[in-house]
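Student:
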Ligand SMILES: [Zn+2]
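Residue numbers (my numbering): -14 to 83.
(1) Output yes or no for whether 8 angstroms exceeds the beta carbon distance between residue 28 and residue 22.
(2) At the level of alpha carbons, what is the spacing between residue 78 and residue 25?
(3) Just to confirm, are residue 40 and residue 59 a CB contact at a threshold of 8 angstroms?
(4) I'd like to confirm something about residue 64: is its beta-carbon nearer than 7 angstroms to some heavy atom of ligand 3, or not?
(5) When you compare each of 61, 65 and 8 to residue 82 by their alpha carbons, which one comes out closest?
(6) Could you check if residue 19 is buried or exposed, using at least 16 other CB atoms within 10 Å of its CB as the buried criterion?
(7) What are the complete alpha helix (DSSP H) segments, minimum 4 residues, inside the stretch -7 to 51?
(8) Below 8 angstroms between beta carbons: does that hold for residue 38 and residue 67?
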């Protein structure tokens, strides 16, 4: 099968994948992990990426509107970060520098 990801290689994290991860943290994390594992993501890589972005239960609990949550690129450093909404365009590190 040509479309299948080669063994040992992780597919890239696209906005759709990030959306699925966020939904998994809001709802059923286990089914999200299983679903992404089927398309080639390793569980530990998903969890590491989530941790890197600061995505965890605490964050979700403090978040007032999970619908607007998404992974965006920081306007200042171009790094990926967990954005609370369209008005939130700087990552935590760059925000803290102001
Ligand atoms: Zn930044």
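Built from N, CA and C at the ideal position, the CB exists for glycine as well.
Tutor: Reading it off the structure:
(1) By 1-based counting over the chain shown, the position of residue 28 is 43. By 1-based counting over the chain shown, the position of residue 22 is 37. Closer than 8 angstroms, so yes.
(2) On the chain shown, position 93 is the one that residue 78 refers to. On the chain shown, position 40 is the one that residue 25 refers to. Rounded to the nearest whole angstrom, the C-alpha separation of residue 78 and residue 25 is 31 angstroms.
(3) The residue you call residue 40 lines up with position 55 of the chain shown. The residue you call residue 59 lines up with position 74 of the chain shown. In this structure, the beta-carbon distance from residue 40 to residue 59 does not fall below 8 angstroms.
(4) Because ligand 3 does not appear in the structure shown, any question about it cannot be addressed here, the ligands present being ligand 1.
(5) Against the chain shown, residue 82 aligns to sequence position 97. The candidate whose alpha carbon is nearest that of residue 82 is 61.
(6) Position 34 of the chain shown, counted from the first residue, corresponds to residue 19. Residue 19 counts as exposed, since fewer than 16 other C-beta atoms from the protein chains shown sit within 10 angstroms of its C-beta.
(7) Correct list: 0 to 11, 14 to 23, 28 to 38 and 42 to 47.
(8) Here residue 38 is taken as the residue at index 53 of the chain shown, counted from 1. Here residue 67 is taken as the residue at index 82 of the chain shown, counted from 1. Against a cut-off of 8 angstroms, the Cβ pair of residue 67 and residue 38 comes out as a contact.
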